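Working notes, structure below.
Numbering (the numbering used here), first residue to last: 12 to 344.
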């Protein structure tokens, strides 16, 4: 027989355990998982699509998604405070400056937040890549795909190489951007375009107005060129250059512009008449939005750590093939 005092103590302990378990279940029910998604340029179509597919992931798994634009380092660090205050337990981030990696990770560890980087990879103070889960594109390979497509169309049109030059709208501040344009340049040179006829146009920002201004400087310097091969780090860079060419009287048949991304190309391809924006290397925002968020959710919920590095590829599409490829990739609503 158990003495009364010990029996009461045992019952008391069991009740405490049961009540704690019930309270714990109640807390989990009242406080669903929250995940953040921070991007450096929320106005760009690419990032808007990443957020769209991240929201689909949130809807499918039943967690709450918090999206914040972080155009500079100060806002990025404040955003982490914001996420922590809202009870977020992890986030996906495309940083405004990859050199912020150590500061972002230090603050995230302070709050116990899980971090997954997308598009641009964190750098250590010594310039090496940080050991943080990352999904990016195979930048140089995609640049080469653009170069191959440019030369294929150049051959189809039978352009005279003596009348032709290449315009590279660059943004070398980010490794992933520099690798794209360097990959295209490598293919052009291998295919017979003289290196001294490939003109770099550095832009201040990776958007259409900056690309227009950068391209306009090059066009002023080389008025003798009759036909242009145009490429850049994204669709916006090519579109800005094409607009600068159009502004100087160039017609679509004297421009072959091939972008990277696929967001801006939709409206350009839907115009009644073709423009100098000939094609784009279509990237997959579904993977960069949905899959990254899914990795963070499973990391939080089930303790499954994501891969350290994932690289995605692209597909070159024209106005004739874009819709079909979008459908094949599951990118149509």
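C-beta atoms are modelled at their ideal positions from N, C-alpha and C, and glycine is treated no differently.
Only a predicted model underlies this, so the values are computations on that prediction, with no experimental measurement involved.
Report, in whole angstroms, the separation of the C-beta atoms of residue i and residue j, which I expect to be a contact under 8 angstroms.
| i | j | result |
| --- | --- | --- |
| residue 180 | residue 252 | 5 angstroms |
| residue 77 | residue 47 | 5 angstroms |
| residue 257 | residue 300 | That pair is no contact at about 32 angstroms. |
| residue 105 | residue 51 | 5 angstroms |
| residue 81 | residue 93 | Not quite, the Cβ-Cβ distance comes to about 10 angstroms (not below 8 angstroms), so this is no contact. |
| residue 224 | residue 187 | Actually they do not touch by this definition, with Cβ atoms about 22 angstroms apart. |
| residue 244 | residue 269 | Actually they do not touch by this definition, with Cβ atoms about 12 angstroms apart. |
| residue 322 | residue 149 | 5 angstroms |
| residue 109 | residue 185 | 7 angstroms |
| residue 84 | residue 111 | 5 angstroms |
| residue 61 | residue 285 | That belief does not hold up - the Cβ atoms of residue 61 and residue 285 are roughly 29 angstroms apart, past 8 angstroms. |
| residue 67 | residue 101 | Rounded, the Cβ-Cβ distance is 18 angstroms, inconsistent with contact. |
Alpha carbon to alpha carbon, how far is residue j from residue i? Give it in angstroms, no decimals.
| i | j | result |
| --- | --- | --- |
| residue 167 | residue 242 | 18 angstroms |
| residue 334 | residue 136 | 43 angstroms |
| residue 266 | residue 338 | 28 angstroms |
| residue 294 | residue 191 | 13 angstroms |
| residue 173 | residue 230 | 16 angstroms |
| residue 330 | residue 233 | 29 angstroms |
| residue 171 | residue 203 | 12 angstroms |
| residue 142 | residue 280 | 40 angstroms |
| residue 103 | residue 303 | 7 angstroms |
| residue 247 | residue 154 | 15 angstroms |
| residue 64 | residue 237 | 42 angstroms |
| residue 158 | residue 198 | 5 angstroms |
| residue 59 | residue 165 | 33 angstroms |
| residue 86 | residue 95 | 14 angstroms |
| residue 54 | residue 275 | 12 angstroms |
| residue 139 | residue 326 | 29 angstroms |
| residue 332 | residue 292 | 12 angstroms |
| residue 263 | residue 160 | 17 angstroms |
| residue 34 | residue 99 | Unreliable placement is indicated for residue 34, whose pLDDT of 45 sits below 50; the coordinate value is still reported in the next sentence. Those two C-alpha atoms are separated by around 20 angstroms. |
| residue 273 | residue 152 | 16 angstroms |
| residue 38 | residue 75 | For residue 38, the predicted structure reports a pLDDT of 44, less than 50, and the residue's modelled location is therefore unreliable. A value from the coordinates is still provided. Each residue's Cα considered, the two are about 15 angstroms apart. |
| residue 311 | residue 342 | 27 angstroms |
Which of the three DSSP states is assigned to residue i in this structure?
| i | result |
| --- | --- |
| residue 257 | helix |
| residue 146 | strand |
| residue 3 | Only positions 12 to 344 of the chain appear in this structure, which leaves residue 3 out of reach. |
| residue 99 | coil |
| residue 126 | strand |
| residue 284 | coil |
| residue 168 | helix |
| residue 236 | coil |
| residue 243 | strand |
| residue 213 | strand |
| residue 81 | coil |
| residue 201 | helix |
| residue 228 | helix |
| residue 262 | coil |
| residue 44 | coil |
| residue 73 | coil |
| residue 175 | strand |
| residue 192 | helix |
| residue 133 | coil |
| residue 279 | helix |
| residue 343 | coil |
| residue 105 | coil |
| residue 324 | coil |
| residue 289 | strand |
| residue 111 | helix |
| residue 311 | helix |
What's the call for residue i, buried or exposed, on a 16-neighbour Cβ count within 10 Å?
| i | result |
| --- | --- |
| residue 121 | exposed |
| residue 315 | exposed |
| residue 43 | exposed |
| residue 298 | buried |
| residue 145 | buried |
| residue 123 | exposed |
| residue 169 | exposed |
| residue 119 | buried |
| residue 97 | exposed |
| residue 107 | buried |
| residue 228 | exposed |
| residue 221 | buried |
| residue 175 | buried |
| residue 255 | buried |
Would you mind working out which of the options sits nearest residue i, comparing C-alpha positions?
| i | options | result |
| --- | --- | --- |
| residue 177 | 170, 210 and 110 | 210 |
| residue 226 | 200, 197, 205 and 259 | 259 |
| residue 69 | 309, 341, 280 and 289 | 309 |
| residue 336 | 290, 313 and 302 | 290 |
| residue 206 | 212, 196, 213 and 214 | 196 |
| residue 307 | 127, 62, 160 and 118 | 127 |
| residue 235 | 148, 247 and 208 | 208 |
| residue 193 | 129, 156 and 163 | 156 |
| residue 250 | 228, 217 and 61 | 217 |
| residue 162 | 311, 200, 285 and 151 | 200 |
| residue 214 | 183, 277 and 341 | 183 |
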